[in-house]
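Its first residue numbered 17, the sequence shown is counted upward by one per residue in this note's numbering. For glycine and all other residues, C-beta sits at the position ideal for the given N, C-alpha and C. Small disclaimer: the values here were computed from a predicted structure and weren't measured. Here is the structure we will look at, set down as structure tokens.
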Amino acid sequence: MAPTNHAAWLKAKQDPIMVVEEAPYTSPAEGELVIRTKAVAINPADWHIQDKGMLVTKFPAILGCDVAGEVVEVHPSLANRFAVGDRVFGSANPLFNKDGVYCYSGFQEYMIPKPPQIAKIPEHTTYKDAVVLPLGVNTAASCIFSKEILNLSMPLHSDGGKGKTLLVWGASSSVGACGVQMAALAGYDVVAVASSKNHDMVKGLGAKTCFDQNNTTIVDDLVEHLKGKDVVGAYAAISTPLTIPLCCEVLDKCGGNKVVASVMPGAEAFSSRGVSVQANFVAMHSFVAEGKMTAIWEWLEKALREGRMKCMPPHEVVGHGLGDVQKAVDLMGKGVSGKKLVVVL
Ligand SMILES: NC(=O)c1ccc[n+]([C@@H]2O[C@H](COP(=O)([O-])OP(=O)(O)OC[C@H]3O[C@@H](n4cnc5c(N)ncnc54)[C@H](OP(=O)(O)O)[C@@H]3O)[C@@H](O)[C@H]2O)c1
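This is the structure:
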């Protein structure tokens, strides 16, 4: 008999309170498996969808983009890769549903994280550690490695980026921290921008040098530092109408590849000084179609097992149980610095 499932339901557009109630249990189709969710991470997208009424149109809905949990059912097509009882982490996706059922969303007890964005958790790693990674890795990888954006070397073969420099603006954010780690592991010299209080963390992820965005001379300081280096572009992990022009100005003045990879849909409108701004949403089509998403998740499982990739930014557990998800999303709306909010289920 199928287990009883519960979810934190967003019953209507911009409803300020999610309600925990029973939800359908969906068995896996071909290429799918089901997990019993043990930890969920909270992302700005969860807050934006609820507060601003963005992206999700069918209600009642279930949100949540990052999950970790224990495999409870595996479709035979995946039996050579996963087994019941495996500890895994992966991407959830509230923008998809199956015949109206939000079986791919994170904020529920049983859900379907879709391969290839799923990997086994190493023995020494907890669910609450691993759950900080999925959306950060997907977003950073798509911005940095997809051919339409920066098209840099993936970290699969360590030093493709040797001798080249990448600017990462917003390096202490979740998507920034994942970008710093993967670019550094691919051999790039990462020059990072984050608040001073987070510089130790960002350097611990592999950044060579850190600058503080609050410093009024930030642009001049970066230009001075980057001049003469083989700059392959900028990854704007925090993209705003203020930060994008600053990235453009730095790239314009320091020479090198004049492309800014942005996490803000529509960021192209803020391009200036002849620098190209390319925005990512979830993952670029080619990144998935050309097998790079599969490759990065296979690499991620191995890199985590070998201790090369770290579960960063660090988690902060802000709740236990689906009833605390709303509190966590409200906290996300107030903003975080150098951490990922997690609810343990
Ligand atoms: N396009 C996509 O596919 C996609 C996917 C996921 C996320 N996103 C977007 O990506 C952005 C980051 O998401 P996230 O989950 O990584 O956010 P997050 O971790 O919640 O971001 C918090 C961090 O932002 C940094 N920050 C804020 N303003 C900054 C500025 N002006 N300059 C440099 N750093 C600044 C803060 O750094 P300090 O505390 O060090 O100052 C803080 O550590 C969000 O806008 C999100 O909506 C897009």
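Identity of the residue in the options nearest residue i by Cα
| i | options | result |
| --- | --- | --- |
| Ala277 | Leu201, Asn109 and Val191 | Val191 |
| Gly177 | Ser189, Gly186, Trp185 and Val196 | Val196 |
| Asn167 | Gly249, Ile234 and Leu238 | Gly249 |
| His140 | Leu338, Glu317, Val352 and Leu347 | Glu317 |
| Met328 | Lys180, Ala135, Ile160 and Ala187 | Ala187 |
| His173 | Phe98, Arg324 and Ala108 | Arg324 |
| Glu37 | Gly339, Ala99 and Lys355 | Gly339 |
| Ile51 | Met17, Val88 and Pro60 | Val88 |
| Lys213 | Asp31, Pro32, Lys355 and Thr53 | Lys355 |
| Thr73 | Pro138, Gly106, Asp31 and His91 | Asp31 |
| Ala295 | His331, Tyr251 and Lys269 | Tyr251 |
| Ala84 | Ile78, Val90, Val104 and Cys119 | Val104 |
| Gly143 | Lys343, Val333 and Val304 | First, the amino acid is wrong: residue 143 is Tyr here, not Gly. Taking only the C-alpha atoms, the option nearest Tyr143 is Val333. |
| Arg363 | Ser255, Glu314, Lys350 and Val184 | A question about residue 363 goes unanswered here, because the residues of the chain that appear run from 17 up to 361. |
| Leu111 | Asp102, Ile78, Ile234 and Glu306 | Ile78 |
| Lys343 | Lys29, Ala57, Gly203 and Ile312 | Ala57 |
| Cys270 | Thr256, Ser255, Ser211 and Leu238 | Leu238 |
| Ser189 | Pro60, Phe303, Asn109 and Ala28 | Pro60 |
Residue i vs residue j beta-carbon contact at 9 Å
| i | j | result |
| --- | --- | --- |
| Ala157 | Lys326 | no |
| Val345 | Asp62 | yes |
| Val275 | Val293 | yes |
| Glu265 | Ser287 | no |
| Met170 | Met198 | yes |
| Ile128 | Glu240 | no |
| Leu26 | Pro76 | yes |
| Val209 | Gln229 | yes |
| Val147 | Ala39 | no |
| Val352 | Val341 | no |
| Ala135 | Leu320 | yes |
| Gly106 | Pro131 | yes |
| Leu361 | Met348 | no |
| Asp246 | Thr310 | no |
| Ser255 | Val291 | no |
| Leu267 | Leu183 | yes |
Residue i classed as buried or exposed, judged by whether at least 16 other C-beta atoms fall within 10 angstroms
| i | result |
| --- | --- |
| His215 | buried |
| Asn154 | buried |
| Leu12 | Here the chain comprises residues numbered 17 to 361, so residue 12 is not present and cannot be evaluated. |
| His301 | exposed |
| Asp145 | buried |
| Gly222 | buried |
| Asn231 | exposed |
| Gly337 | exposed |
| Asp236 | exposed |
| Asp205 | buried |
| Ser162 | buried |
| Pro92 | exposed |
| Ala253 | buried |
| Thr3 | Residue numbering for the chain in the displayed model covers 17 to 361; residue 3 lies beyond these limits and cannot be assessed. |
| Val100 | exposed |
| Met17 | exposed |
| Ile33 | exposed |
| Glu80 | Position check: residue 80 holds Gly in this sequence, whereas Glu was assumed. With 16 or more other Cβ atoms within 10 Å, it is buried. |
| Ala28 | exposed |
| Gly244 | exposed |
Quiz item: Along the chain, which unbroken stretches of the alpha helix (DSSP H) at least 4 residues long are found entirely within the region 194–249?
Solution: 215–220 and 234–242
Quiz item: On the three-pair Cβ rule with 8 Å, is the region 64–73 touching the region 35–53?
Solution: These segments do not touch.
Exercise. Please determine if the region 251–270 and the region 279–294 are in contact, where contact requires at least 3 C-beta pairs separated by less than 8 Å.
Key: yes
Quiz item: Between the region 17–30 and the region 119–128, do at least 3 Cβ pairs fall closer than 8 Å?
Solution: yes
Exercise. Identify every run of the alpha helix (DSSP H) within the region 133–200, keeping only runs that are complete inside it and at least 4 residues long; order them along the chain.
Key: You should have 143–146 and 150–161.
Exercise. Identify every run of the beta strand (DSSP E) within the region 69–132, keeping only runs that are complete inside it and at least 3 residues long; order them along the chain.
Key: 82–90 and 103–107
Practice problem: Note down, one range per segment and in chain order, each alpha helix (DSSP H) of at least 4 residues found wholly within the region 252–316. | Solution: Whole alpha helix (DSSP H) segments, 4+ residues: 259–270 and 301–305.
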